[in-house]
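Chemist: Position in the sequence shown (from 1) plus 1161 gives the number in the numbering used here. C-beta: ideal position from N, C-alpha, C; glycine also. None of the values given here were measured: they were computed from a predicted structure. Following this message is one structure expressed as structure tokens.
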Amino acid sequence: MNTEVLIVGGGLVGSSLAVALASRACPVVLVEEGGGGRATSPSYDDRAIALAQGSRRIFEAIGLWDELASGVCPIRQIHISDRGHFGFTHLDSRRERVDALGYVALARELGRVLEVSMAAQPRIERLAPARLVDFVIDADGVTATLNRGGQATQVRARLLVACDGAQSEIRERLGLETRRWEYGQSAVIANVTPALPHGNIAYERFTDTGPMAVLPMPENRCSLVWTTDQPGEERLLSLSDEHFREDLQQRFGWRLGRFIRIGRRSSYPLALLRAHRIVDRRVVLVGNSAHTLHPVAGQGFNLGLRDVAVLAGMLGDAIAAGADPGADDLLQTYAKRRQGDQLGVAMFTDGLARLFSNPLAPLSLARNLGLVALDLFPAVKHEFARHTMGLAGGVIGR
Ligand SMILES: Cc1cc2nc3c(=O)[nH]c(=O)nc-3n(C[C@H](O)[C@H](O)[C@H](O)COP(=O)(O)OP(=O)(O)OC[C@H]3O[C@@H](n4cnc5c(N)ncnc54)[C@H](O)[C@@H]3O)c2cc1C
């Protein structure tokens, strides 16, 4: 099998890239080791993803927003506070002159829309379940060996895109080094239903164990992301629903009234990872394989989607001009264009995670002053809001 671009990994980023490339007339083979629907088990507890305004624009550009819009919940306000302290701030879509500061989508629904779009697109060949087991790089391209139900299949491509996640085997095989920050923390997530209407407000609350986010979802549900250390994680997962509710209520407070339904809980270990180099000969790392972030600011997928937008634009142009999509100079240019945004978001997210998970008094004072300052100085707050909305830096599209 021959193609221009081989994408390994059909998570949210790899699938978005396949659709974006097909929209630029670029033939793609996408390989995903999980079977169809593996990541899409329908349940009350599906993970919610906060999409920035910039991500909406990218989905509009690749023709998916209309399909997604009916299932997302707009965030009209963000309320940021520090439990037990005086500082808090408030971001408002009206003040920022936008319809919404962002949108909350179910990962399951995003995956479904992407799968339907890929199935309808003749330029995309999706092989699943199939696992990349080996690849050989030469001057003109990459020969990949896949395991499909015990059978070996070969794919020849001019460019290999590694969308194979935080534990990327492609990155490891190429010896591309990474920098890792381990937080010794996990995110416990659950969908919860409050008694009072959420009013499309997202809450970011910094507690003594770490940040807690409560995001508005359709049908007055909320997605809870509660960051905690390892003993805290074990405790929160083992509590009865009633005891969990009491703990949650005590830390979050009563702004949304009583939480009347608690969904199934699960947890994700937290680390920040950044590859020193995101390109190699005929290979590019995109999404979590290039950078895995702490979910405190809901930036990981949004950043990956900006990688997708820039790469799809550059590859689409190269193919339209009859140029080589795996050419070294193209890949180097891509890496340069993404460097600032990737580094900036990683530092911003890491700084927030550290600042707000540290109970030391001077830091606590600093962040409270910071929150108050954000509220007093609209210009600073506007910049903060632009970062949160994924609009800062203007790295949207091509
Ligand atoms: C608790 C939590 C909350 C989050 N909330 C937000 C949020 O609100 N907003 C936001 O923007 N981001 C958020 N994120 C981050 C976001 O979920 C990730 O950035 C995004 O899902 C990464 O997608 P990916 O496709 O790069 O990687 P992955 O989802 O890890 O996908 C990698 C895929 O590659 C496949 N694969 C791996 N190896 C092979 C192989 N050899 N052959 C074939 N296939 C292979 C895997 O099966 C997998 O499907 C959150 C993350 C967490 C943990």
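In three-state terms, what does DSSP make of P1379?
Modeler: Note: P1379 maps to helix in three-state DSSP.
Chemist: For N1463, count the other beta carbons within 10 Å of its own beta carbon; 16 or more makes it buried, fewer makes it exposed. Which is it?
Modeler: It counts as buried.
Chemist: Reducing DSSP to helix, strand and coil, say where D1478 ends up.
Modeler: Three-state DSSP puts D1478 in a helix.
Chemist: How is V1277 classed by DSSP in three states: helix, strand or coil?
Modeler: Helix, per DSSP.
Chemist: Using a threshold of 7 angstroms, is the CB atom of G1311 nearer than that to any non-hydrogen atom of ligand 1?
Modeler: Every heavy atom of ligand 1 is 7 angstroms or more from the Cβ of G1311, so no.
Chemist: From which residue to which residue does the alpha helix (DSSP H) around A1261 run?
Modeler: Per DSSP, A1261 belongs to no alpha helix (DSSP H) and is neither H nor E.
Chemist: How would you call D1490, buried or exposed, if buried means at least 16 neighbouring beta carbons within 10 angstroms?
Modeler: D1490 comes out exposed.
Chemist: With a threshold of 8 angstroms on Cβ separation, who are the neighbours of G1360 within its own chain once the five nearest residues in sequence on each side are excluded?
Modeler: Answer for G1360: R1237, Q1238 and P1377, listed in chain order.
Chemist: Could you check the C-alpha separation between R1412 and G1505 for me, to the nearest Å?
Modeler: When rounded, the distance between both Cα atoms is 30 angstroms.
Chemist: Going straight from the alpha carbon of A1291 to that of T1306, what length do you get?
Modeler: Approximately 10 angstroms, taken between the alpha carbons.
Chemist: If I measure Cβ to Cβ from S1356 and keep anything under 6 angstroms in the same chain, skipping five residues before and after, which residues do I get?
Modeler: Inspection of the sequence shows that residue 1356 is occupied by Ala rather than by Ser. Here the set comprises G1418, R1419 and I1421.
Chemist: Would you call the CB atoms of A1318 and L1476 closer than 8 angstroms?
Modeler: The answer is no: Cβ separation not under 8 angstroms.
Chemist: Is DSSP giving N1308 helix, strand or coil here?
Modeler: Three-state DSSP puts N1308 in a strand.
Chemist: Below 8 angstroms on the Cβ atoms is my guess for R1341 versus A1432; work out the distance and round it to an integer in Å.
Modeler: Contact flag correct, Cβ pair sits at about 6 angstroms.
Chemist: For a test of the three-state rule: what should DSSP assign to L1267, helix, strand or coil?
Modeler: Strand at L1267.
Chemist: Please look up how many angstroms separate the CB atoms of A1266 and V1233, rounded, as I've assumed it's under 8 angstroms.
Modeler: At roughly 5 angstroms, the Cβ-Cβ gap stays under 8 angstroms, so A1266 and V1233 are in contact.
Chemist: What residue range does the beta strand (DSSP E) around L1167 cover?
Modeler: Looking at the DSSP string, the run of the beta strand (DSSP E) that includes L1167 is N1163 to V1169.
Chemist: Please say whether P1456 and A1281 have beta carbons closer to each other than 8 angstroms?
Modeler: No, they are not a contact pair.
Chemist: Can you tell me whether G1175 is buried or exposed? The criterion is at least 16 other CB atoms within 10 Å of its CB, across all chains shown.
Modeler: Classification of G1175: buried, given that the 10 Å Cβ count is 16 or more.
Chemist: Considering only residues of the same chain and omitting the five flanking positions on each side of E1270, which have a CB-CB separation below 6 angstroms?
Modeler: Excluding positions up to five away in sequence, the list reads G1232.
Chemist: From E1394 to S1428, what distance separates their C-alpha atoms?
Modeler: Roughly 8 angstroms between the two C-alpha positions.
Chemist: Below 8 angstroms, how does it come out for the region 1207-1216 and the region 1307-1314: are there three or more Cβ pairs, yes or no?
Modeler: No, because fewer than three Cβ pairs between the region 1207-1216 and the region 1307-1314 fall closer than 8 angstroms, the two stretches do not touch.
Chemist: Between E1286 and the rest of its own chain, which residues show a CB-CB distance below 6 angstroms, the 5 nearest in sequence each way excluded?
Modeler: So the list reads V1190, once near-sequence residues are dropped.
Chemist: How about I1285: is its Cβ closer than 7 angstroms to a heavy atom in ligand 1?
Modeler: Not under cutoff, so the answer is no.
Chemist: Out of Q1503, A1507, L1492 and P1486, point me to the one whose CA is closest to R1185's CA.
Modeler: Ranking the options by Cα distance to R1185, first place goes to P1486.
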